[in-house]
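Have a look at the structure below, then the notes.
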Amino acid sequence: EAQRAHVRKIAALGGSGGTLDYDCAWFLKAGADVNCGELPSPRSCTQRGEGQGEGRQQTLAQAAAPHPSPLPAKGRGEGEGPRIAFVATNSITQGEQVAQLWPLLFERYGLEISFGHRTFEWLSDARGPAHVHCVIIGLTRRDDEPKEKRLFSYDDIAGDPVETRHAALSPYLFNAALLPSRYLVVSGRAENFAAVSRMFNGSVAADGGHLLLNGAEHVSLTSAHPELSDFVRPFVGGEDLIHDLQRSCLWLVDCPPQVMRSIPIVIDRLHRVRGTREASTKAATRLKANSPGLFTEDRQPRSGQYLALPRTSSERRHYLPMKFLPYTTIAANDLQIIPNASLYDFGVLSSKAHSAWTDITAGRLKSDIRYSARHTYNTFPWPDASDKQREKISGLAQAVLDARAAHPGSTLADLYDPDTMPPDLRKAHAALDKAVDQLYRRAPFASDRERVEHLFGLYERLIAGKT
């Protein structure tokens, strides 16, 4: 809490800024230092809060126009002014932090990115071998920026970089020369742009584990009390989905009271749930102690199937692990779910286009991807597609599912490990990738970086249309 308060004070975001990494404070302090240590009043576009997202995006769109320099150049030549460079965790160029940090650096301090090293691996032995994913970012004042910005990209994060040169760099560390505004950042949205189903988290038990059952407990309980069979459901969280782990839960939404009261072990578990909730520090959880047989937050679909993907998954996978589940399987809170998702939805979300968007807009837990409906799913520029094109994507998506089914006993972790991915599944995904890419443009993309640059152009137009 002391560190968060420190960052909030430095960021001067009106009491917010608590989600900024500590790295960000160094960038902000350096920005103030090259402006004679002065900390100007924060502009309205950097204030956070409900209903302020569009105002922030409008201000950033205006940022493409020339800015007045914070201080006069005083006749300096290019590169003679103060310069900043830091090694930092790569999370400051990914996910929600970008929209918080970079408008301050661009607008409050008049800084520009002069060079960058995209994500690479730094092997630290400070506390034993630890692989840290880093970036290096150089900054100058706007009145002193170089005409060419050097960008170093690592196809192998443990290998050597390839250098390219550009007129402008995005805070996501890709070529921004073709964007209407180099200052464009992705801000979280409550709703998505396309006419697709809403994504949200699974249900919250807040039960102290007393509504959950392992395999042996499931068998023992339903064998002794077959009348309870309809009220014991499969329970799936993120790790369960990826590794095909088997858990169950008591799902007592429609269970008759006399059935519950007739089973001592159920009554005992409900008493324990009540005690856990009554001891909670959250008032809302304490209130739910009066209904111990129900999850505190029930978001479970009541019919059909839903598409489930973990909120956290390994960055090593080339595709997000996701699976269709029946409504009778209860989704835990660490799953993101899309009720009534179609094969077309699965196909687009399983493509390289969506994976490339995820890589830059999702947050990180250590180096793992932390998927967010607000920051990734709702901001994703879905392609326009005719009925015929949607039918084609649906067929290719089914081919991916068929290729998975050809390897019974293999988990999503097995199937999507880059080292063990079966050739037929890899081929099915390649065909799907090609078809989805062609929905965006005819010319193939040479890399994920090209995909991202194209998607950012679409995103900018979507934002302009909404604001």
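With the numbering used here applied, the sequence shown covers 3 to 469. Virtual Cβ for every residue (Gly too), placed ideally from N, Cα, C. All values reported here derive from a predicted model rather than from experimental measurement.
Of the listed residues the options, nearest to residue i (C-alpha basis)
i	options	result
residue 386	197, 26, 365	197
residue 268	284, 282, 251, 283	251
residue 383	219, 347, 407	347
residue 172	209, 275, 228, 113	113
residue 169	457, 300, 152	152
residue 462	451, 344, 381, 452	381
residue 148	118, 210, 410	118
residue 281	183, 373, 209, 339	209
residue 361	391, 407, 314, 406	314
residue 206	428, 328, 297	297
residue 379	88, 166, 359, 146	359
residue 155	146, 139, 394	139
residue 304	394, 288, 327, 293	327
residue 293	345, 231, 213	213
Outcome for residue i when other beta-carbon atoms lying within 10 angstroms are tallied against a minimum of 16
i	result
residue 449	exposed
residue 323	buried
residue 302	buried
residue 76	Model confidence at residue 76 stands at a pLDDT of 46, short of 50, so the residue's coordinates are unreliable and nothing is read from them.
residue 279	buried
residue 92	buried
residue 192	exposed
residue 389	exposed
residue 420	exposed
residue 99	buried
residue 260	exposed
residue 211	exposed
residue 331	buried
residue 453	buried
residue 404	exposed
residue 374	buried
residue 102	buried
residue 59	Here residue 59 scores only 37 on pLDDT, less than 50, and its place in the model is too uncertain to base an answer on.
residue 341	buried
residue 68	For residue 68, the pLDDT reaches just 36, beneath the cut-off of 50, and the residue's location in the model is therefore unreliable, although a value from the coordinates is still provided. Residue 68 should be labelled exposed.
residue 143	buried
residue 215	buried
residue 183	buried
residue 225	exposed
Proximity below 8 angstroms, CB of residue i to CB of residue j
i	j	result
residue 249	residue 242	yes
residue 90	residue 137	yes
residue 377	residue 187	no
residue 364	residue 309	no
residue 291	residue 276	yes
residue 22	residue 86	no
residue 467	residue 399	no
residue 146	residue 82	yes
Close-in-space but distant-in-sequence residues of the same chain around residue i (CB under 7 angstroms, 5 per side omitted)
i	result
residue 353	434, 435, 438
residue 239	334, 336, 337
residue 321	352, 357, 418, 431
residue 423	417
residue 31	12
residue 548	Residue 548 lies beyond the range of the chain shown here (3 to 469); nothing can be said about it.
residue 220	234, 250
residue 325	243, 310, 414
residue 408	426
residue 288	279, 280, 282
Within-8 angstroms CB hit, residue i to chain C
i	result
residue 383	Given the protein chain composition of this structure (a single chain), no chain C is represented.
Residues near residue i by beta carbon distance below 8 angstroms, same chain, minus five either side
i	result
residue 262	254, 268, 269, 272, 295
residue 180	455, 459
residue 96	174, 361, 362, 363, 364, 365, 366
residue 218	none
residue 401	430, 433, 434
residue 411	none
Contact belief for residue i with residue j at Cβ below 8 angstroms, rounded distance in angstroms
i	j	result
residue 121	residue 159	6 angstroms
residue 34	residue 111	7 angstroms
residue 391	residue 441	6 angstroms
Same chain, Cβ closer than 6 angstroms to residue i, neighbours up to 5 away in sequence not counted
i	result
residue 414	244, 323
residue 84	36
residue 3	none
residue 227	265
residue 319	418
residue 451	176
residue 339	204, 308, 310, 333
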